[in-house]
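Numbering (this note's numbering), first residue to last: 21 to 358.
Each residue gets a CB set at the ideal place from its N, CA and C atoms; glycine is no exception.
On a predicted model such as this, the values are computed, not experimentally measured, just so you know.
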């Protein structure tokens, strides 16, 4: 083997090792992120319970995202990260899809808590990562694997089993709206815009926009319309205890969103999304412990179908065979050099 080929082989080997380390790091971050998303969702359910007289969707969204915008702005100033003007943003269309549609899908997500248990909402959202995978294949040109199609079918079946059995009482202190179709309607809108927002998040991250700057704009694009709509309908409240409690939810959201964006730097969207199904497990556990929500056999069956596919996806990730072939090539080249 000549010297140039040997150097090229060493460089490729180092790149592959670094790629695997980065992916493992991204997986660990994603797992922590899912625990935070689960905690965030479970806490959201308590707002109406603890503040029934002054609760409103737009007030929740304002205080939740106001703290995100303020925290993002302060961190940008601390790190000397310039606040980019919109004219300086490369993919402005994806930037708006990332931020401008967030108010819609977050409001829909909040409204879903009136129709479903927290665990059911999480399972419904379990379809979203597979939508994101397909979008990432067509838009971001990520590699496509047939298992994505199998995953969509399995997750749809698992989600259906849980949702259709959701009409049982949630707990003695909580009463759900019986209009399940309205809840599903909000769920469909939520999944559609969440998927587009995640793709937009990946695009602006690849463009080099700092995570804290992304969070600043994300918070700003949500708290402003929430404030305007809340004032218009006369439902906005400045109760200090209420604002502080919701703001803690915003802090959890900020950290989860930060880790989610950070993980996109190290791994393709299509490979990372299956980890998000761990949120189902975490949510089931937290909602049972903290909210006293019941867990039914159908929940276990539906979740098992979804999680089993993701477990297989995790231990046998897409592209593993390709990496194995590369490893074999590297070993052969190493032996030749010896």
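- With a beta-carbon spacing of about 19 Å, residue 230 and residue 87 fall beyond the 8 Å limit used to define contacts.
- The continuous alpha helix (DSSP H) containing residue 245 extends over residues 231-252.
- It is roughly 8 Å from the alpha-carbon of residue 120 to the alpha-carbon of residue 242.
- Boundaries of the alpha helix (DSSP H) around residue 130: 122-132.
- At least 7 Å separates the beta-carbon of residue 223 from that of residue 106.
- Taking a contact to require three or more Cβ pairs closer than 8 Å, the segment 79-96 and the segment 302-322 do not qualify as touching.
- Contact between residue 95 and residue 160 is absent: CB atoms are separated by about 27 Å, not below the 8 Å threshold.
- Take residue 272, set aside five residues on each side of it, and the residues of its chain with a beta-carbon closer than 8 Å to its own are 56, 59, 60 and 63, in chain order.
- Inclusion of residue 155 and residue 215 in the CB contact set at 7 Å is warranted, their separation being smaller than that value.
- Taking a cut-off of 8 Å on C-beta distances, the segment 240-256 touches the segment 72-80, as three or more cross pairs fall below it.
- Between the segment 39-52 and the segment 265-280, the count of Cβ pairs shorter than 8 Å is three or higher; the stretches touch.
- Contact between residue 257 and residue 74 is confirmed by a C-beta separation of about 5 Å, below the 8 Å threshold.
- In the three-state scheme derived from DSSP, where H, G and I count as helix and E and B as strand, residue 103 is classed as coil.
- Residue 326 and residue 98 have their alpha carbons spaced roughly 42 Å apart.
- DSSP, reduced to helix, strand and coil, places residue 284 outside both helices and strands of the structure shown, so it counts as coil.
- Rounded to the nearest angstrom, the Cβ distance from residue 274 to residue 235 is 6 Å, consistent with a contact under 8 Å.
- DSSP places residue 166 outside both helix and strand once states are collapsed to three, so it counts as coil.
- Here residue 178 is buried: its Cβ has 16 or more other Cβ atoms, across all protein chains shown, within 10 Å.
- Ranked by how close their Cα comes to the Cα of residue 221, the residues 109, 47 and 166 have 109 in first place.
- In this structure, DSSP gives residue 75 a state outside helix and strand, which the three-state scheme calls coil.
- Counting along the chain, the unbroken alpha helix (DSSP H) around residue 226 starts and ends at 200-226.
- Residue 315: not part of any alpha helix (DSSP H); DSSP gives it neither H nor E.
- Between the alpha carbons of residue 42 and residue 295 lies a gap of roughly 15 Å.
- Under the three-state reduction of DSSP, residue 40 is assigned to helix.
- Contact between residue 129 and residue 267 does not hold, since the beta-carbon distance rounds to 18 Å and is not under 8 Å.
- Apart from sequence neighbours up to five positions away, the residues of its chain that approach residue 181 with a beta-carbon distance below 7 Å are 318, 321 and 322, ordered along the chain.
- The beta carbons of residue 45 and residue 286 sit about 6 Å from each other, so the pair counts as a contact at 8 Å.
- When C-alpha distances from residue 332 are compared across 171, 141 and 47, the shortest belongs to 171.
- A buried status is given to residue 137, since no fewer than 16 other beta-carbon atoms sit within 10 Å of its beta-carbon.
- Contact between residue 126 and residue 233 is ruled out by a C-beta separation of about 20 Å, above the 8 Å threshold.
- Residue 144 is positioned such that its CB atom lies closer than 7 Å to that of residue 207.
- Judged by DSSP secondary structure, residue 303 falls within the alpha helix (DSSP H) whose first and last residues are 298-306.
- Between residue 135 and residue 123, the alpha-carbon positions lie close to 19 Å from each other.
- The C-beta distance from residue 71 to residue 262 rounds to 5 Å, short enough to fall under 8 Å.
- Taking all protein chains in view, the Cβ of residue 260 is surrounded by fewer than 16 other Cβ atoms within 10 Å, so the residue is classified as exposed.
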